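Engineer: Before we start, here is the structure in question, set down as structure tokens.
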Amino acid sequence: MKPLAALALLALIVALPLDAWAQAEAAGPSTDPTQVRPGRYRLDPAHGKITWSLNHLGYSTYYGQITDVAAEATLDPREPAKSRLSVTINTASVNGLNERLNEHLRSPDFFDVEKFPQASYVSTSIERTSPTTARVNGELTIKGITRVVSFDATFNQAGINPVDKAYTVGFDGRAVIRRSDFGISAFLPVLGDEVQLRLEGEFKAAP
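The sequence shown lines up with residues -22 to -1, 1 to 185 when you count with mature numbering (1 follows the signal peptide of the UniProt record, and there is no 0).
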């Protein structure tokens, strides 16, 4: 083979993986959960929140957020049942979007933050319910009381985040709990017992 032809062939061989990588990058995030990279992930604290709501005296549905949430997940896209999730919530971050209400939420009437600064959730099993959804079963602990709680998770997409270039997996979730199950019974029944939870999280691949 002539030297110039050999060099051209070598250049082609070297370029092929780069072209494949560039094509995959250009394809953007995948909405196919089976293509998620398996492994350990950590919740991006800037993009992991819990929005809560409950009936307020029959007049309205009141909304607030919990913003200080840490979580770790182990994802197995081929066998979702082997995936795991653990969450820690700093209860002082429960926010009713009103400072006077926030002080009350931190009091013994509600979360008793000084005595119980953290709540937690640990998954015990995960069941796929459709190609992009799953039922996550686990144990939720609030104010030292543990109850079995399940939530429905929806896979959004996974891929290289264009902002920080980190491999990211995004989920949404929904759950319903009764606050009285966790010893938070102030102002029942005029203030709703059933609390709707809307979950959102972007998980970054752990190093």
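Cβ atoms here follow ideal geometry from the backbone N, Cα and C, with glycine treated the same way. Keep in mind that this is a model prediction, so the values were computed, not measured.
1) From the DSSP secondary-structure annotation, give me the bridge partner or partners of E105.
2) Run through DSSP, which three-state label would N134 get?
3) Output the boundary residues of the beta strand (DSSP E) element that contains L166.
4) Looking only at its chain, what residues have a beta carbon closer than 6 angstroms to the beta carbon of A153, apart from the 5 residues adjacent to it on each side?
5) So, T146 versus K182, is the Cβ gap smaller than 8 angstroms?
6) Going by alpha carbons, who is nearest to I155 out of P140, D171, P167?
7) If you check the beta carbons only, do A106 and P58 fall under 8 angstroms apart?
8) Leaving out five residues before and five after V114 in sequence, what residues of the same chain have Cβ atoms less than 6 angstroms from its Cβ?
9) With a threshold of 8 angstroms, are at least 3 pairs of Cβ atoms found where one atom belongs to the segment 44 to 53 and the other to the segment 11 to 30?
10) Below 7 angstroms CB to CB, which residues in the same chain sit around F88 once its five sequence neighbours on both sides are set aside?
11) Could you check which residue in P11, V127, L169, T12 has the C-alpha nearest to that of S38?
12) Between I138, S158, F149, which has its C-alpha nearest G6's C-alpha?
13) So for residue 193, helix, strand or coil by DSSP?
14) Would you grab the beta carbon distance between P95 and N68 for me? Rounded to a whole angstrom, and I think it's under 8 angstroms.
15) Use the C-beta contact count for R56: other C-beta atoms within 10 angstroms, 16 or more gives buried, fewer gives exposed.
16) Considering Cα atoms alone, identify which of K143, S64, N80, A136 is closest to P11.
17) Taking buried to mean at least 16 other C-beta atoms within 10 Å of its own C-beta, is G36 buried or exposed?
Structural biologist: In brief:
1) E105 is bridged to R113.
2) Correct three-state label for N134: strand.
3) Per DSSP, L166 is not a residue of any beta strand (DSSP E), being assigned neither H nor E.
4) Excluding positions up to five away in sequence, the list reads F129, L175.
5) Yes.
6) Of the listed residues, the one whose Cα sits closest to I155 is D171.
7) The displayed chain sequence assigns Arg, not Ala, to residue 106. Yes; because the gap between Cβ atoms is below 8 angstroms, this pair is in contact.
8) Excluding positions up to five away in sequence, the list reads S101, I104, F129, A131.
9) Output reads yes: the segment 11 to 30 touches the segment 44 to 53.
10) For F88, the CB contacts under 7 angstroms within the same chain, skipping 5 residues up- and downstream, are H82, I162, A164 in chain order.
11) S38 has its Cα closest to that of L169, out of P11, V127, L169, T12.
12) Closest option to G6, Cα to Cα, is I138.
13) Examination of residue 193 is not possible in this model, given that the chain is present from -22 through 185 alone.
14) For P95 against N68, the beta-carbon gap comes to about 7 angstroms, under 8 angstroms, which counts as contact.
15) Flag for R56 reads exposed.
16) Across the set K143, S64, N80, A136, the C-alpha of A136 shows the shortest separation from the C-alpha of P11.
17) G36 comes out exposed.
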